[in-house]
DNA sequence: CATCAGGGCCCTG
DNA sequence: CAGGGCCCTGAT
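Next comes the structure, spelled out in structure tokens:
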């Protein structure tokens, strides 16, 4: 088993997201499958972060309002880090949680839409977010493929147990991701033993991109979306269903919705048309017509709103679609 | 006990 | 561009 790393040093600061800002809607996404690298309760969020070859713990606490956002951030580390590094992590947190986004134009353009309006009011100021790095998000995309939620959870936890670490900070014990080097050095069989199946090859080739091919997420961030998309599709194991998770989640491209997978198709059919199954092309046409360049962000609001409702009271038709 | 699809993608023909 | 194969698991 993994030895627990105690992150006894910490650095505290305050971040000021642009207003309006919805803390809980931004840090916690109920539609995502659960994993042991994060913890959440209302107004509080913990996660681990690999950054510049070290493992950090991060805690965010909401101490503002939607109109006057204020988030206290504590960054925990095993050894005392240079103040400059703490600052860089804070900038990275701002990027990953889209804290500096200005969504006024989105609300202007889409606020009047009857389908979007309720979610937009309930989650006013919500951002798209991904606490993971690009490499880590690729791992998520890979374990999601062709698997039920339960199996995705199992694969990720097996990987955490074998290659990751456990860190302790702020009375939490959470899993942390491994560096891609660890996967490159592992054999395919070693990965298969973790029951990831044919994905072993994908995980190795993706890790190699970062270790040997110099894949760098920071330089990708400034790419125009079409070139970025082509670059991501070049990654082994990334196809049409995964690429927009990356474009939207990791790279905050609000229009990234050009493919609807079967399980999402059923959900969108209900939400947009109140029908059991609508042709994927019709769905894509409808989101384009309604929300244009904001279509993925708009759908994200409606999607997460639905999954928040599910936390309070089960949504019968949805329960059937979420196979654990 | 067997068969099959699941929150895809690659590769081949 | 269509379709078979791929890992493992739980459902039937």
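Residue numbers (our numbering): 5 to 328. The C-beta atom is built at its ideal place from N, Cα and C for all residues, glycine as well.
Opening and closing residue of the beta strand (DSSP E) in which residue 16 lies = From DSSP, the beta strand (DSSP E) with residue 16 extends over 13-19.
Starting from residue 270, trace the beta strand (DSSP E) both ways and give me its first and last residue.
-> Unbroken run through residue 270 is the alpha helix (DSSP H), 266-272; no beta strand (DSSP E).
Among 48, 295, 56, 126, which one has its Cα closest to the Cα of residue 68?
-> Among 48, 295, 56, 126, the Cα nearest to that of residue 68 belongs to 48.
Can the beta-carbon of residue 42 be found less than 7 Å from the beta-carbon of residue 138?
-> No. Outside cutoff.
Cβ-Cβ separation, residue 119 to residue 306 (assumed contact under 8 Å), whole Å = For a cut-off of 8 Å, the C-beta gap from residue 306 to residue 119 is around 7 Å, short enough to register as a contact.
Closest Cα partner of residue 99 within the set 132, 269, 145, 74 = The option with the nearest alpha carbon to residue 99 is 132.
Chain-order list of residues whose beta-carbon lies under 7 Å from that of residue 27 (same chain, five-residue window excluded) | Cβ neighbours of residue 27 beyond the five flanking positions: 47, 66, 75.
Where residue 172 sits in the DSSP three-state scheme | The three-state reading of DSSP puts residue 172 in strand, counting E and B together.
With a CB to CB cut of under 6 Å and the five nearest residues on each side skipped, what residues in its chain are close to residue 84?
-> If you ignore the 5 residues before and after residue 84, its C-beta comes within less than 6 Å of the C-beta of 13, all in its own chain and listed in chain order.
Can you tell me where the alpha helix (DSSP H) with residue 221 in it begins and where it stops?
-> Element bounds for residue 221: 221-224.
For residue 127 and residue 121, the rounded distance between their alpha carbons | One C-alpha to the other measures close to 10 Å.
Which partner residues does residue 66 have in the DSSP bridge list?
-> The partner list for residue 66 (beta bridge, DSSP) reads 75.
Determine the extent of the beta strand (DSSP E) in which residue 44 is found, giving its start and end residues.
-> Taken as a continuous stretch (DSSP letters only), the beta strand (DSSP E) holding residue 44 covers 42-45.
Bridge partners - residue 10, DSSP secondary structure assignment | DSSP, once it has assigned bridges, lists 172 as partnering residue 10.
How many Å lie between residue 168 and residue 182 at the Cα?
-> Rounded to whole angstroms, the separation of the alpha carbons of residue 182 and residue 168 is 5 Å.
Between the CA atoms of residue 274 and residue 309 - distance to the nearest angstrom | CA-CA distance, residue 309 to residue 274, rounds to 14 Å.
Reducing DSSP to helix, strand and coil, say where residue 136 ends up.
-> Coil, per DSSP.
Go to residue 55, then tell me how far its alpha helix (DSSP H) extends in each direction, as first and last residue.
-> First-last for residue 55: 48-55, but that is the beta strand (DSSP E), not the alpha helix (DSSP H).
The alpha helix (DSSP H) enclosing residue 246, as first and last residue numbers | For residue 246, the enclosing alpha helix (DSSP H) has its first and last residue at 244-249.
In the structure shown, what three-state DSSP assignment does residue 200 receive?
-> Three-state result, residue 200: coil.
For residue 228, the nearest candidate out of 256, 89, 140 (CA to CA) = For the options 256, 89, 140, the alpha carbon positioned closest to that of residue 228 is the one of 256.
Residues bridged to residue 178 by DSSP?
-> 171.
Using the Cα positions of residue 319 and residue 302, report the straight-line distance between them to the nearest angstrom.
-> Those two C-alpha atoms are separated by around 21 Å.
Determine the direct distance from the alpha carbon of residue 145 to that of residue 197, and round the result to whole angstroms.
-> Computed Cα separation, rounded: 20 Å.
What are the boundary residues of the alpha helix (DSSP H) that residue 291 is part of?
-> Here the alpha helix (DSSP H) through residue 291 covers 284-295.
Please go through the same chain and pick out, in chain order, the residues whose beta-carbon is closer than 6 Å to the beta-carbon of residue 200, but skip the five residues on each side of it.
-> Scanning its chain for C-beta atoms nearer than 6 Å, with the 5 sequence neighbours on each side dropped, one finds around residue 200 the residues 159, in chain order.
If residue 6 and residue 143 are in contact, beta carbons under 8 Å, what's the gap, nearest whole angstrom?
-> About 17 Å; that fails the 8 Å criterion.
In the DSSP assignment, what are the bridge partners of residue 58?
-> Residue 58 is bridged to 55.
Environment of residue 101 [buried if 16+ CB atoms lie within 10 Å] | With 16 or more other Cβ atoms within 10 Å, it is buried.
Mind checking whether residue 156 and residue 252 have CB atoms under 7 Å apart?
-> Cβ distance not < 7 Å, so residue 156 and residue 252 don't count as in contact.
Could you name the residues of the same chain whose beta carbon sits closer than 6 Å to that of residue 328, not counting the 5 residues immediately before and after it, in chain order?
-> For residue 328, where only same-chain residues beyond five positions count, the Cβ hits under 6 Å are 153, 154.
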